[in-house]
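Q: Per this note's numbering, the sequence shown starts with residue 24, numbered consecutively. A virtual CB, placed ideally from N, CA and C, is assigned to each residue, including glycine. A quick note: this is a predicted structure, and the numbers were derived from the prediction, not measured. Have a look at this one before I ask anything.
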Amino acid sequence: MRQLSNELVAQQTDLSYLAYLNSRAKYLFTMRRKHRALPEPIAFPEPRHKLRRELAQSRRLGVTPDGKQIYLCHCKPNSSVLRELGRLRELTFRAVGEGTQRSRDIDAFDYHYRQIVLWNEDASEIVGSYRIGEAFDLVDSQGREQLQKLYTYGLFDFGARMIDIMPQALELGRSFIQPKYWTKRGLDYLWQGIGAYLQSYPNVRYLFGAVSISNDLPDLAKQHIVACYQHYFQPENYTDYATARLPYQTNRSIIESYRDKPFDAASKYLKQVLKTQRVTLPTLYKHYTELCDPEGVRFIDFNIDPEFSFCIDGLMVVDLAHIKASKRKRYLNPSSE
């Protein structure tokens, strides 16, 4: 442990210039705006009877063992479900140092994306949600202009290999479980919903999306998470897939600390480092690497997102052809359990 402490002290010393570069990127973006508004108060909850009525008109994907309902919603602009999703997203993301700082986290993509919603009937409230963009329908492989329909394209400039997978791809994003349910099985239940959805679209092979790291984490923790995932999950030719529009700069010495370590050893090392910083690995980073065999998940590049409290977004791509057998059985073929 003493050796680890000495190593981290040296790395912390090396971070000053990288911290300057990353903070300068944030500063330059901020200066392009005339005013930085103060955070808006979180919106009031939507009437529960309106939520129940809208969900009753949506497609039900399944029911969990403890009675929660999983729905697939395509929300109109005046939708009470969408307004409540926006409220709960903002509430949840602010709790971890992210969020839009608006009263509701809703954007233009919500109107042509779908929402997988986990609903607690007993409490008459939304537990959590995933937003899905049907890239296979929104984008073909012929032209870049259609890429504007994808949220992730605003964060990353797609290369030819990324465009090639669009006819077989689904974008995932804006996932949340509201704080009161954090110790429950909400994420697992949402993935049961994703699996039920995918059964209707057997052509979908790839899942992709932006996976966030809160800007509230200490610099050393952020550096180690990004360095680890770059080393083990970034393709050598990653620019053929995508490049970040506002790249997060990583310390070379921290990347080197992961060389010549098998991933299991590197995971333990990362966990030790994060423990010294009194933080843990963001849940979805752990989830996606445990979902697939090693060749089935890639983190292409890492971007700073000024519109989302300057969090770091990793561009994740999952190849469902390499999903682990246990996860395939649980999410994609649950009837075989």
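Measuring only the C-alpha atoms, how far is Q80 from A267?
A: 39 Å
Q: Report buried or exposed for V86, applying the criterion of at least 16 other Cβ atoms within 10 angstroms of its Cβ.
A: exposed
Q: If you reduce the DSSP assignment to three classes, tell me which class D89 lands in.
A: coil
Q: Need the endpoints of the beta strand (DSSP E) that V227 sits in, please.
A: From DSSP, V227 is part of no beta strand (DSSP E); its letter is neither H nor E.
Q: Counting along the chain, where does the alpha helix (DSSP H) carrying S103 start and finish?
A: 103-117
Q: Return helix, strand or coil for E144, following the three-state DSSP convention.
A: coil
Q: Any idea what DSSP makes of G337, helix, strand or coil?
A: strand
Q: How is I139 classed by DSSP in three states: helix, strand or coil?
A: strand
Q: Name the two residues that bound the continuous beta strand (DSSP E) containing S198.
A: 192-200
Q: Give the range of the alpha helix (DSSP H) segment to which V320 is assigned.
A: Element bounds for V320: not the alpha helix (DSSP H) but the beta strand (DSSP E), 320-328.
Q: Buried or exposed for A348, going by 16 or more other Cβ atoms inside 10 Å?
A: exposed
Q: Check whether the Cβ atoms of G182 and T262 lie closer than 8 Å to each other.
A: yes
Q: DSSP state of T266, grouped into three classes?
A: Residue state, collapsed to three classes: strand.
Q: Alpha carbon to alpha carbon, how far is A158 from Q171? Give it in angstroms, no decimals.
A: 11 Å
Q: Let me make sure I understand the geometry here. Which of F179, P225, T115 has the alpha-carbon closest to that of Y264?
A: Selection F179, P225, T115 evaluated against Y264 yields F179 as nearest (Cα-Cα).
Q: Determine which residues share a DSSP beta bridge with C96 and list them.
A: DSSP lists Q138 as partners of C96.
Q: On the DSSP letters alone, give me the boundaries of the alpha helix (DSSP H) that D211 sits inside.
A: 209-221
Q: Would you call the segment 192-205 and the segment 231-240 in contact, with 3 or more CB pairs under 8 Å?
A: yes
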